[in-house]
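One structure is given below, encoded as structure tokens.
Number of protein chains: 2
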Amino acid sequence: MNRPRQKIQEDPMSSHSHRIAILLAAFGLAATLGLGCGPAGEGGDALRPATNGSAGGSISALMKARGLSEADVEAALKTYTPTGGRDEYLLFASGGHGGQVLVIGLPSMRILKVIAVFTPEPWQGWGYGDQSDALLRSGDRDGQVLTWADTHHPALSETGGDYDGRYLFINDKANARVAVIDLEDFVTKQIVNSTLIESDHGATFVTPNTEYVIESAQYPAPLGGGYAPIEQYADAYRGAIILWRFDKEKGRIVPEESFAIETPPYMQDLADAGKLASEGWLFVNSFNTERSWGGNLEGNPPLESGASQNDMDYMHIVNWRRAEALVKEGKTRTIAGMPVIPLETAAAEGVLYFVGEPKSPHGVDVTPDGKDIVVSGKLDTHGTVYSWEKVKGLIDAGTFDGKDPYGVPILPFAQAIRGQVEIGLGPLHTQYDDKGNAYTSLFIESKVAKWSLADLKLIEKIPVHYNVGHIVAAEGDTVSPDGGYLVAMNKWAIDRFNDVGPLLPQNFQLVDINGDSMQLLYDMPIPVGEPHYAQMIKADKLKPIEVYSPVGTNPFTGEVDPDAVVAGKEDVERKDDGVHVHLSAVRSHFTPDIIRVKEGDTVHLHITNVEQAKDATHGFAIGSHNVNLSLEPGEHANVTFVAKAPGVYPFYCTEFCSALHLEMAGYLLVEPK
Amino acid sequence: MNRPRQKIQEDPMSSHSHRIAILLAAFGLAATLGLGCGPAGEGGDALRPATNGSAGGSISALMKARGLSEADVEAALKTYTPTGGRDEYLLFASGGHGGQVLVIGLPSMRILKVIAVFTPEPWQGWGYGDQSDALLRSGDRDGQVLTWADTHHPALSETGGDYDGRYLFINDKANARVAVIDLEDFVTKQIVNSTLIESDHGATFVTPNTEYVIESAQYPAPLGGGYAPIEQYADAYRGAIILWRFDKEKGRIVPEESFAIETPPYMQDLADAGKLASEGWLFVNSFNTERSWGGNLEGNPPLESGASQNDMDYMHIVNWRRAEALVKEGKTRTIAGMPVIPLETAAAEGVLYFVGEPKSPHGVDVTPDGKDIVVSGKLDTHGTVYSWEKVKGLIDAGTFDGKDPYGVPILPFAQAIRGQVEIGLGPLHTQYDDKGNAYTSLFIESKVAKWSLADLKLIEKIPVHYNVGHIVAAEGDTVSPDGGYLVAMNKWAIDRFNDVGPLLPQNFQLVDINGDSMQLLYDMPIPVGEPHYAQMIKADKLKPIEVYSPVGTNPFTGEVDPDAVVAGKEDVERKDDGVHVHLSAVRSHFTPDIIRVKEGDTVHLHITNVEQAKDATHGFAIGSHNVNLSLEPGEHANVTFVAKAPGVYPFYCTEFCSALHLEMAGYLLVEPK
């Protein structure tokens, strides 16, 4: 798989360049690419190579010096964003098992922020102060402290099936959790966690008005936890689809208004909500309908082969409005504190239907008009296009091919699909543009396929490097995709970048999908975690705040904190629960800058950054106490610790704030008892 | 400070562009920039804007559509790196209070890796398995678990004063720690920690052959910890300069061969080792010779004003070879387990000298030939250039201006300097190129100044955005700087990027320093932590490994682990200390994939990734147990945990490794007692 650079240059770039050259010749614009303007040799000799390039470097000399093709020059100018320029789109990518979320600007492909979500992150003071620590701890399971997550699928909040730029949701596959991020300040505000299930994968996906955030289990287990022998897998193990109720005004999930639907012990995978024509319904695919559970050291086949025997698994077709009604009617069983619609009820009452899907399906993606559902099977070579009209017709007519072992009606595959398109090896995920095209990632081929929704014809494939998982197009899973850009999220980088040891970055490749043929624009290494899915939103849909106002705001309540500090009113107070210190932070000092306590004291620090200038952030760190806060302009934070050992501990500002930043320091003096 | 984009375009870019236009006209190359080739309007109309750009976009149309100036086009072509291309330099930047290290490729300015150092990082399994957790815990202080750091100054190992590409060192200002990273696999191998001091800042810096890694205290405290009233600051508080002995063959610091030099309670700041002419000596500057300690709520001036009264502070001139000899002679006192040369001994025995430095000094940077030392004062407007020849002459002749309150001889300032260069407001740090030029960052002016070492004349200034701290040039602090590139590490971004809430990224700006005038090439947001210093090394000096070989290697010992697993020899064994499971990982299964234990069992997992294909990394995560490992090809890892609660816990591979990656999973079955 180790392809030398030259090879890459020939394939696909130079054939592509060749096409451009012809195109440009036709336009009479070849000269504008600066080729052979004046004796190339002369130009080249007259100027030093780019890495020694003088300000007088010509394009042809730079191209020669840096080995840039015509396509490279075009790509450079389509992505380069000068100082002070803005990116047109923001990409919200999961941080994989880094447990965070990445915010990336397009087309420049620069990481603008890492949002701390499930993993402590000291730059943001995330997990090093009272509020954020309490939020992280709210995500613990059964008293087990969890300090990481495997984030997979971010979902932007929607109104009318379109991104509204207000909230972002992200799941934790490893521990079955969901987080809520407010895009006003890009801060995580809530982590919810149901012990109903042990892991998730089909999460997070939202309904068209963000009524619900969907979280589907991946690896079956006894619902609500507890032990059951693996030999009872078929009877005692179950999956579930959780619908978390979201309150868009409060910006929080409402657990007490949330519910779940029990599913068979197949491995539920990705999901997508119906929209427009199919609004009110939900589609979840699955693999391992074989109900294999491994046991490869005990004489059984490993899961990879055990789960790959059937030609078809089942797409789960869920009527969530009907499910909502059943919950209101109380037709639920409460497990792990959550109302659950039992499998037999779901099957009997028109909540859950199945239809076959080939083979080891992975992606399920509803078209922008909501009329079709596209499924790809990891071991298949097709995109299978289900017609919602046909599916709904079969359901209404009660036309079934029998039931699965758990009584769920199965729709006849042949009558449910509009057709199939032959796209290649290892198809995974599909996104859409504004011209009626679909784009599907091909993991095994390391390509992205472009095909026509109208006639289900393959149009073109472009190589990506390497082993692409998800792809994302501009607003490409909404009711109104933008087209323009597509990002291939490649799992393997191999030979794309400088070597940095055995652990390599992932590779996001930016593809221009405006033209008649797709054009690779940029390779971007992802230096932490393995992003799975991402969503791309027009930047002007976001309206983030610049400072916290009024001064003293607690980001987690949105209110002025009861302990907020007003400049000039700082104090030290000894109470029953310990020493309370109210500090202010302003360039270039904390007040007070000397804190005197006694050995064993519980110390409560209440700190307000009293500044309102944009970017005037201060940090607050105390040596040897694992305390570090980030105080954005106007922000208030509290931190509590025990002054265990007598000593002299410097504290200081960790954000270079001013010329006298190093002098923005003080001492915590812990006097012996 | 909020400058609109157009303003930036005029200043400095368009004046610069103007110069280019003239230059190119002279070369007769204007056409090669594609300007006005054919009626611009026509070209423009014929093609859609870049963000809707078709493959046939001409340069002029793209420039128009994306608002690119001629200088922008040149910058784009000097930085854009096509798919499969390699970066010429690697930048190792501190991750600030993120506690990690960033690896960035130049000129593309892409983050290739985040190296986990002091902060747990699940993607790398850092702190989620036995070996890395033990390493992190080795950095705890007095039993206080520390899960973050404030990393400031990375130092590449040197041979003969030049980078040798073998190791990287990084300090933790908050907790006075130093870490060692092996550049063979980009993994942190050691954290050392002396409770002699409470914080550092003048760290890390290496001597020309990496005999020692320097760590200087910042905020004075009683040496070795313990309490003393702040009112006894002048008598009971001290600073120290630690020289950590480094064994280049073993790749580890040797604490038992390390020592320290006691210093007065001034706030020691940055340091640099002498080289060539000045080899064997060390230069450390300081501020707060006023010995102010704040107390602003108790009627004292805050440190920022208390520490800014004197016109001069003291550069510390240290004869480290002499110090080495004194340690051998046993002229030390042992504090916190470390031999310390007492202040009076250092002053009396020719180890420590002072010379005045104006005003509130910050950076001290030895010139490539080792003949000069450049110091900048935060509240000064000069670069002050000390002549090593003069300094050494004064020391040898015993020409002193008296002594400081602690008996340290003070050299006469006027006779020690070669001269001063007027460079501007808030000068901080200086780096060098291959043409005899020095570059100094100007924090208050938000500029980088270029000046001539030979005649101490200011040549040019370039605006940066905004509030630049450190700067780094290609190998710019070695005996042989490369020139070419300079990066300005700007503390404030303000209006440079899309808004992402109140907490903004830092801004690294890449500057081309080859030409007669400096050219701004690229703005790079830094999305986590606040990098302080960085070092830039020619990429071909690094020779990282691609896989761990032989299979079963433990990265922390470099040896095959005693519990390494051979494919086909996996087993489960119950011993006195719990259940030992030897697992292998290979695409696409773990063996065993079912682990049966009893409630309360201590479980020891020993996992080997038996693959040897580059980039064939597997993860290993267990839900609800806070276990997550990263297993690079050939790597062996161990993890121990207690199976507290009965239940069924999925485990799976967290690195998308193959088409059947989702099937690379199993169950931990915890049976009730």
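Those protein sequences? They're chains E and Z, same order as listed.
Number 673 marks the last residue of the first sequence (the working numbering); no jumps.
Number 1346 marks the last residue of the second sequence (the working numbering); no jumps.
All C-beta atoms in this analysis are idealised placements derived from N, C-alpha and C, irrespective of residue type, glycine included.
In this text the structure is predicted, and so the values were computed from the model without any measurement.
Rounded to the nearest angstrom, the gap between the Cα atoms of alanine 913(Z) and isoleucine 934(Z) is 5 Å. By the rule that beta-carbons nearer than 8 Å mark a contact, serine 216(E) does not touch chain Z. Counting only the Cα atoms, threonine 147(E) lies some 27 Å from tyrosine 649(E). Taking aspartate 172(E) as the centre and dropping the five residues before and after it, the same chain places the C-beta of Phe118, Ala149, Asp150 and Thr151 closer than 7 Å to its C-beta, in chain order. Those residues of the segment 599–612 of chain E placed with their C-beta closer than 8 Å to a C-beta in chain Z do not exist.
Going by C-alpha positions, phenylalanine 932(Z) is about 29 Å away from proline 1085(Z). The residue among Pro220(E), Lys447(E) and Gly436(E) with its C-alpha nearest the C-alpha of aspartate 455(E) is Gly436(E). Assigned with DSSP and collapsed to three states, tyrosine 939(Z) falls in coil, not helix or strand. Per DSSP, reduced to three states, the secondary structure at arginine 66(E) is helical.
In the displayed model, tyrosine 1325(Z) falls within a strand according to three-state DSSP.
Excluding sequence positions up to five before and after valine 551(E), its CB lies within less than 6 Å of the CB of Val610 and Gly634, all in the same chain and listed in chain order. From the beta-carbon of aspartate 803(Z), no residue of chain E is found nearer than 9 Å; the closest lies around 16 Å away. The Cβ-Cβ distance between isoleucine 1144(Z) and tyrosine 1112(Z) falls below 8 Å.
Not a single CB atom of chain Z sits nearer than 8 Å to the CB of arginine 321(E). Counting only the Cα atoms, lysine 1051(Z) lies some 21 Å from serine 1060(Z).
Bounds of the beta strand (DSSP E) holding lysine 450(E) are 447–452.
Beyond the five residues adjoining it in sequence on each side, lysine 1044(Z) comes within less than 6 Å, by CB distance, of Ala950 and Trp1061 in the same chain, given in chain order.
When Cβ-Cβ separations below 8 Å define contact, valine 187(E) makes contact with chain Z. In the DSSP annotation of this structure, the continuous segment of the beta strand (DSSP E) that includes glutamine 431(E) starts and ends at 427–432.
The Cβ atoms of glycine 1292(Z) and leucine 1278(Z) lie no closer than 8 Å to each other.
Here the alpha carbons of tryptophan 796(Z) and threonine 868(Z) stand approximately 31 Å from one another. Beyond the five residues adjoining it in sequence on each side, tyrosine 219(E) comes within less than 7 Å, by CB distance, of Glu198, Ser199 and Met267 in the same chain, given in chain order.
Taking 8 Å as the threshold, the shortest C-beta distance from lysine 1044(Z) to chain E does not fall below it. Within the same chain, and ignoring the five residues on either side of threonine 617(E) in sequence, the residues whose Cβ sits closer than 6 Å to its Cβ are Glu632 and Glu655. Contact of glutamine 124(E) with chain Z by beta-carbon distance below 7 Å involves Leu1176. Here tyrosine 466(E) is not near methionine 109(E), since their CB atoms are 8 Å or more apart.
In chain Z, no part has a C-beta under 7 Å from the C-beta of leucine 486(E); the shortest such distance is about 13 Å.
Our two residues, threonine 1264(Z) and leucine 297(E), have alpha carbons roughly 6 Å apart in a direct line. For tryptophan 993(Z), the secondary structure class from DSSP, reduced to helix, strand or coil, is helix. Residues are counted here when their Cβ sits less than 9 Å from a Cβ of chain Z; for the segment 134–165 of chain E these are Arg141, Asp142, Gly143, Gln144, Val145, Leu146, Thr147, Trp148, Ala149 and Asp150, given in chain order. The beta-carbon of tyrosine 1105(Z) is placed no less than 8 Å from the nearest beta-carbon of chain E. The segment 1162–1174 of chain Z and the segment 76–94 of chain E touch, with no fewer than 3 CB-CB distances between them shorter than 8 Å. Close to leucine 90(E), with beta-carbon spacing below 7 Å, are these residues of chain Z in chain order: Asn1171. Fully enclosed beta strand (DSSP E) runs of no fewer than 3 residues occupy 578–586, 589–591, 594–598 and 602–609 of the segment 575–621 of chain E, in order along the chain. For aspartate 593(E), the chain Z residues whose Cβ falls inside 8 Å of its Cβ are Gly967, Gly968, Asn969, Leu970, Pro975 and Leu976, in order along the chain. Shown here, proline 122(E) sits in a helix according to DSSP, grouped into three states.
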